[in-house]
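What follows is the structure, encoded as structure tokens:
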């Protein structure tokens, strides 16, 4: 018997590669930010780093990817876009990690990898209690409680902000540096005739 499986209501994870090394000005800016302690690693004190002139080209790359992701996944009817709200850098030294978390007060979040080690990964988790649980013979996207993707230098990963994620301990010799950001819709959300209309402006 032939059985067809359809992926209903999938969670969209977006990937884009910047396709170039970061410039010396970009790297110098990122590597010289002042930091504070975080759970498992350090994060920049500056929470709006994409507003700085040194990262103008990087911000443009991220905004273009966000526009494409939003169009391909949400495909909104009205004039609405995603605006980067906060942006910051994370620094994980050898044997440090980035704790399990999600991003409240954001719609789509993203992480751009500035510097990585071999075997660096990002894990995503399916939250919620499972009433009936079967031990699988082999893991797949349907039965897994978590799934990982490679975290490599120059890669941008976009995902719903509510999706829980973490990055495990650094096993290489280099500091893992990532640039993270949150977004929020700007424009017309919902439909006035459905009594869901909302105009979000800066």
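In this note's numbering, the protein residues as written are 57 to 258. Heads up, the beta-carbon is just placed ideally off N, CA and C, and yes, glycines get one too.
In its chain, beyond the 5 residues on either side, 207, 208, 209, 232 have a beta carbon closer than 7 Å to the beta carbon of residue 172.
Between the alpha carbons of residue 225 and residue 97 lies a gap of roughly 10 Å. A Cβ-Cβ contact shorter than 8 Å links residue 239 with residue 141. In this chain, the beta strand (DSSP E) harbouring residue 72 covers 70–73. The beta carbon of residue 230 sits closer than 7 Å to those of 171, 173, all from its chain and outside the five residues before and after it, given in chain order.
Residue 222 carries a strand assignment under DSSP once its states are collapsed to helix, strand and coil.
Setting aside the 5 residues that flank it on each side, residue 158 is surrounded in the same chain by 217, 218, 219, 220, 221, each with a C-beta closer than 8 Å to its C-beta; the list follows chain order. Using a Cβ distance threshold of 8 Å, residue 166 and residue 212 count as a contacting pair. Residue burial annotation: residue 198 is exposed, with fewer than 16 other C-beta atoms found within 10 angstroms of its C-beta. For residue 114, there is no enclosing beta strand (DSSP E); the enclosing alpha helix (DSSP H) has its first and last residue at 112–129. A residue is called buried once 16 or more other Cβ atoms fall within 10 Å of its Cβ, and residue 122 is buried on that count. Annotation: the continuous alpha helix (DSSP H) that includes residue 87 extends over 80–87.
Residue 106 carries a helical assignment under DSSP once its states are collapsed to helix, strand and coil. By the Cβ-count criterion, residue 155 is exposed, with fewer than 16 other Cβ atoms from all chains shown falling within 10 Å of its own Cβ.
In this structure, residue 236 sits away from residue 84, with a CB-CB distance that is not shorter than 8 Å. Just measuring C-alpha positions, the residue of 189, 182, 191 sitting nearest residue 204 is 182.
For a cut-off of 8 Å, the C-beta gap from residue 114 to residue 82 is around 6 Å, short enough to register as a contact. Scanning 133, 76, 95, 164 for the CA closest to the CA of residue 69 turns up 164.
Within the model, the alpha-carbon separation for residue 168 versus residue 250 is close to 37 Å.
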